[in-house]
Amino acid sequence: MQTSSDRHEYPAHWEADVVLRDGGTARIRPITVDDAERLVSFYEQVSDESKYYRFFAPYPRLSAKDVHRFTHHDFVDRVGLAAAVGDDFIGTVRYDRIGAGGRPATGAEADEAEVAFLVQDAHQGRGVASALLEHIAAVARERGIRRFAAEVLPANTKMIKVFTDAGYSQKRSFEDGVVRLEFDLEPTDRSLAVQYAREQRAEARSVQRLLAPGAVAVIGTGRAPGGVGRSILDNIRDGGFTGRLYAVNGALPEGQKELDGIPAFRSVRDIDGPVDLAVVAVPAERVPEVVAECGEHDVQGLVVISAGYAESGPEGRERQRALVRQARSHGMRIIGPNSFGVINTSPEVRLNASLAPDMPRAGRIGLFAQSGAIGVALLSRLHRRGGGVTGVTGLSTFVSSGNRADVSGNDVLQYWYEDADTDVALMYLESIGNPRKFTRLARRTAAAKPLVVVQGARHGAGPRGHAVRATQLPHATVSALLRQAGVIRVDTITELVDAGLLLARQPLPAGPRVAILGNSESLGLLTYDACLAEGLRPHPPQDLTTAASAADFHAALSRALADDSSDAVVVTAIPSVGEGSDGDAALAEALRSAAAEQPTKPVLVVHVELGGLAEALSAATSTAPQPGAASGPAPTAGGTRTGERADPRTGADEGAEADGKGAPAPVPPPEGAHPIPAYPAAERAVRALAQAVAYGQWRRDAADPGKVPEYEDIDERGAAALIEGLLARGQGLTLTIDATCELLAAYGVHVHRALPAPTPDAAAAAARTLGYPVALKATAPHLRHRADLGGVRLDLADEEQLRRAYAELTELFGGPEELRPVVQRMAPRGVDTVVRAVIDPAAGAVLSFGLAGAASQLLSDMAHRLIPVTDRDATSLVRSIRTAPLLFGWRGSAPVDTPALEELMLRVSRLVHGHPEVVAVTLEPVVVAPHGISVLGASVRLAPPPARDDQGPRTLPPTY
């Protein structure tokens, strides 16, 4: 696209799709010589005032010289970027490298550039300039520019605000009537915080536009009942959608204006009025035409139900890429394709744009599913009143992402984070496209409201429709990182619902102590055993006997809740013969009223085939209106309220009959009361409680995450210089032992010297250098770290023992060239451990720890944390492995120096975080003695640093 005189090829990697402040999208790309007409057209649509602010003088039109200057760039010293929607520019930015005195300059020695923006007046306020600034700053850093300078008229307050709000370190001066701003381009904590906050607002707004539209068009509605499009149209109408609804079918006869009472059109372009959301249910080959029509009509977003995309093979994958590119070119976002639809139960919206025939009851659980089939199962389980976890619950929103070609779980998390109607988020994921970003968003969301995730396709490739970057980390490691971020990881959709209902209804437990009471000794013992299995601390069950009345349950539960030695109560109940529904109602009222008196502790019920008890527990005391019923429900795990929204059409609570036919339903419980979740099995109730206990502890720990310590003996600059020199030899390399030791020593990690011993005489000479006692070790790959195979001889006290051991090794395993023997001075005895760090291209930098040998290799007993690791992370990392008791005096052995071990891990974390070129570090074994540690083996791998998309400018995922 550029002339042959240009110094660099067109930088395609600078192209990116971004979400703007209002939720629309734009494409940012370099400006080239082919953009002359676009630039002139763009400039003509800018107001005279904006032109004056840009050029400090009246400037009605661009001259030919201006157009040439603004479209001819070398992509090094002169760069221009444009934000475009479709084929039209809506904003531009450029920088020119300058030297001393502000004159144009070339070369890396000039590290400052002058920057200037221009945004069309119609698009000002959408965050266009902020997005352009992020991208031009990233480009400048790539080209060796470290500072930007900008001259702005004092009256141009909008542009001054763009610069000052960006979060960079800056200086401001005023001279000759012009404000001069200078700022460093190195990302700071504040600039990243500003960037993340803007990203959150923009992506949340883009999802809100899809879930709360004012007008919806269903494209592909059949003229006769049945079919996908017609079913969705009927579901939207029958769900009570509060906005305008249109049917679109290109085959409608001329003159037909309605379809079953709904305004009907042959094209979305024929609709007289705005359309916010289009639900597309036409064959895949017709979708491009439909998307083009939606773009022309300024539709804000699409839900594509149509299948035949990436899930169908390579041809479908290319069709999917084209679909996303086409939609984004019009500023639209897509849910799907191959989506089941979306639901929003808010009384202000009442949108059921899905294939679910009944509108779910309104509630405070957000649900995201990548699989349509699993989405159906989850909706059904949350909706029904019997069989499994029962009782009143409901949804705030539901999103089925299908192939998630555009809108993903990350976007929905951004929306739920600030959604006041969602207290608990449930997600079924089959792939995580950007684990690094997901963990960042999950940590922030989990600090405000519970996030429960079940991950499908754990032991194989994800669905063909999900094109994602591969991760080198095993599923167990990814799960550990999610738990570190506060995610409640469960294994099945049953556990997903179980945990979600508890977290939506009950307060978080303050600890693991559990009181158990009920009218069945056997059921109580099962609950007790389940608590122990889940790591809880149960009290002995209190047996009320089968003769217990509702009053007995009330009294026992009141005592248990008032007892400071318990943090939660599990009530076990079996049916009383002959009492029927009246007995169920009485028991439910007794439990509910006792729980309402002490609303700070969670209560769960384990029931055995108790007809109506589960329903009664989740209801209020009766179906009659409650005098003085509270208008403000009590806080729950989500931190807001537990009251469920009423159906605006019937006034019924969301606990209406599961068949959705509008049967009378109980009113919400009184103020301070929480609907009590009931479970058909002790194991399910206790597992949900254990997850709530762990999450509550994470919330408390997250309030004080710790700090990354500073160490005065770290030579960061020396390490950087060494890395730069080593990388100059090649693109990626595993360091020699000498280089490894030198690099690690710069961060205070000292490796015991191991001298090569190719002959017995060399071994003896090495031992004299190091000093006895020594160890003789084979370092061949098949023998390294395998003491069980006999490739190591320890505590060799003199030369005679050393030569004898050398002869034994060579006799057993072959010549020295096969063994690669080394001699190392003996370290103090202790526990052998392993510390590893690796930079995964998708998940980021991960620190891992475990015991060396069988524990980590055979049992996969490793713990993991994201880098940078804080002091609290290091402490928990040591204690997270199942074999941790071996470090703390198991069976009378001496406890080892875990503080020294934690410091070692913090130093490795600092090394990897400070130098992204260090892509892998392995310290094995690390012998942890009662006093001090010894690093006996180490390896380091360097490579050019991978792209850090979490610190780069905001972008939408590429169309893989």
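Going by this note's numbering, the sequence shown opens with residue 1, and the numbers climb by one from there. Note that CB positions come from ideal geometry on N, CA and C, so glycine has one too. Only a predicted model underlies this, so the values are computations on that prediction, with no experimental measurement involved.
CA-to-CA distance, residue 133 to residue 77, given in whole angstroms: One-based indexing of the sequence shown puts residue 77 at position 77. One-based indexing of the sequence shown puts residue 133 at position 133. About 17 Å.
Sheet register partners of residue 344 (DSSP bridge): By one-based count along the sequence shown, residue 344 stands at place 344. In DSSP, residue 344 forms a bridge with 351, 397.
Collapsed DSSP secondary structure at residue 936 in the structure displayed: Mapped onto the sequence shown, residue 936 falls at position 936. Coil at residue 936, not helix or strand.
Beta-carbon gap between residue 678 and residue 604 smaller than 9 Å: Taking the first residue of the sequence shown as 1, we reach residue 678 at position 678. Taking the first residue of the sequence shown as 1, we reach residue 604 at position 604. Yes.
Closest residue to residue 859 among 882, 780, 815 (Cα-Cα distance): Position 859 of the sequence shown, counted from the start, is the residue given in the question as residue 859. Residue 859 has its Cα closest to that of 882, out of 882, 780, 815.
Any C-beta of chain C under 9 Å from that of residue 550: Among the chains of the structure shown, chain C does not appear; only one protein chain is present.
Extent of the continuous alpha helix (DSSP H) to which residue 898 belongs: For the purposes of this step, residue 898 is taken as residue 898 along the sequence shown, with counting starting at 1. Its alpha helix (DSSP H) spans residues 898–914.
Own chain, CB closer than 7 Å to residue 774, minus 5 neighbours either side, in chain order: Locating residue 774 in the sequence shown gives position 774, counting from the first residue. For residue 774, where only same-chain residues beyond five positions count, the Cβ hits under 7 Å are 767, 796, 802, 823, 824, 825, 826.
Counted within 10 angstroms of its Cβ, other Cβ atoms place residue 315 as buried (16 or more) or exposed: Stepping through the sequence shown from its first residue, residue 315 is reached at position 315. It counts as exposed.
Length of the line joining the Cα atoms of residue 414 and residue 544: Within the sequence shown, the letter at position 414 stands for residue 414. Within the sequence shown, the letter at position 544 stands for residue 544. Rounded to the nearest angstrom, the two C-alpha atoms are 48 Å apart.
Start-to-end residues for the beta strand (DSSP E) that takes in residue 174: The residue you call residue 174 lines up with position 174 of the sequence shown. Where residue 174 is concerned, the enclosing beta strand (DSSP E) stretches over 170–175.
Residue 65 classed as buried or exposed, judged by whether at least 16 other C-beta atoms fall within 10 angstroms: Working through the sequence shown from its first residue, we reach residue 65 at position 65. With fewer than 16 Cβ atoms within 10 Å of its Cβ, residue 65 is classed as exposed.
Cβ pair count under 8 Å reaching 3, the region 353–362 against the region 314–329: no
First and last residue of the uninterrupted alpha helix (DSSP H) at residue 761: Taking the first residue of the sequence shown as position 1, residue 761 is located at position 761. From DSSP, the alpha helix (DSSP H) with residue 761 extends over 760–770.
Exposed unless 16 or more other CB atoms sit within 10 angstroms - verdict on residue 902: Counted from its first residue, the sequence shown places residue 902 at position 902. Result: buried.
Residue 833 beta carbon less than 9 Å from that of residue 749: Looking up residue 749 in the sequence shown gives position 749. Looking up residue 833 in the sequence shown gives position 833. Cβ distance not < 9 Å, so residue 749 and residue 833 don't count as in contact.
Ordered list of alpha helix (DSSP H) runs contained in the region 706–745, each at least 4 residues: 716–727
Residue 506 vs residue 676 beta-carbon contact at 9 Å: Here residue 506 refers to the residue found at position 506 of the sequence shown. Here residue 676 refers to the residue found at position 676 of the sequence shown. Yes. Within cutoff.
For residue 601, the three-state DSSP class (helix, strand or coil): As a first step, residue 601 must be located in the sequence shown, where it is residue number 601. In this structure, residue 601 counts as coil in the three-state DSSP scheme.
Cut-off 7 Å between Cβ atoms - residues of its own chain near residue 487, not counting five sequence neighbours on either side: As a working note, residue 487 is residue 487 in the sequence shown. Closer than 7 Å at Cβ, skipping near neighbours: 442, 446, 451, 453.
Best match in 28, 62, 54 for proximity to residue 44 [C-alpha to C-alpha]: Here residue 44 refers to the residue found at position 44 when the sequence shown is read from its first residue. Taking only the C-alpha atoms, the option nearest residue 44 is 62.
Distance between residue 368 and residue 426 (C-alpha atoms, nearest Å): Residue 426 sits at position 426 when you count from the first residue of the sequence shown. Residue 368 sits at position 368 when you count from the first residue of the sequence shown. Straight-line Cα distance between these residues: approximately 6 Å.
Inside the region 115–145 only - alpha helix (DSSP H) runs reaching at least 4 residues: 128–142
First and last residue of the uninterrupted beta strand (DSSP E) at residue 159: Locating residue 159 in the sequence shown gives position 159, where the first residue counts as 1. Premise fails: residue 159 lies in the alpha helix (DSSP H), 157–164, not in any beta strand (DSSP E).
Three-state secondary structure assigned by DSSP to residue 297: Translated into positions along the sequence shown, residue 297 becomes position 297. Residue 297: coil per DSSP, three-state reduction.
Other residues of its chain near residue 21: CB distance less than 6 Å, five sequence neighbours each side excluded: For the purposes of this step, residue 21 is identified with residue 21 of the sequence shown, where counting begins at 1. Only 126, 127, 202 meet the Cβ criterion.
Exposure of residue 389, with buried meaning 16 or more beta-carbon neighbours within 10 Å: As a working mapping, residue 389 is identified with position 389 in the sequence shown. At residue 389, the pLDDT of 32 sits below 50, so the modelled position is not reliable; the number obtained from the coordinates is stated separately. It is buried - the Cβ of residue 389 has at least 16 other Cβ atoms within 10 Å.
Backbone CA spacing between residue 231 and residue 245 [nearest angstrom]: Within the sequence shown, numbered from 1, the residue matching residue 231 stands at position 231. Within the sequence shown, numbered from 1, the residue matching residue 245 stands at position 245. Looking at the two C-alpha atoms, the distance is approximately 14 Å.
Segment contact, 8 Å Cβ cut-off, at least three pairs: the region 869–886 with the region 495–503: no
3-residue-minimum beta strand (DSSP E) runs that sit fully inside the region 249–291, ordered along the chain: 262–265, 277–280
Cβ neighbours of residue 159 in the same chain (closer than 6 Å, five flanking residues each side left out): Residue mapping note: residue 159 aligns to position 159 of the sequence shown, counting from 1. 152, listed in sequence order.
First and last residue of the uninterrupted alpha helix (DSSP H) at residue 1012: A question about residue 1012 goes unanswered here, because the residues of the chain that appear run from 1 up to 960.
Beta-carbon proximity of residue 264 to residue 257, cut-off 9 Å: As a first step, residue 264 must be located in the sequence shown, where it is residue number 264. As a first step, residue 257 must be located in the sequence shown, where it is residue number 257. Contact: yes.
Residue 477, DSSP secondary structure in three states: Residue numbering aside, residue 477 sits at position 477 when the sequence shown is read from its first letter. Residue 477 falls in the helix class under three-state DSSP.
Nearest-angstrom Cα separation, counted from residue 293 out to residue 156: Within the sequence shown, the letter at position 156 stands for residue 156. Within the sequence shown, the letter at position 293 stands for residue 293. Cα to Cα, residue 156 sits roughly 38 Å from residue 293.
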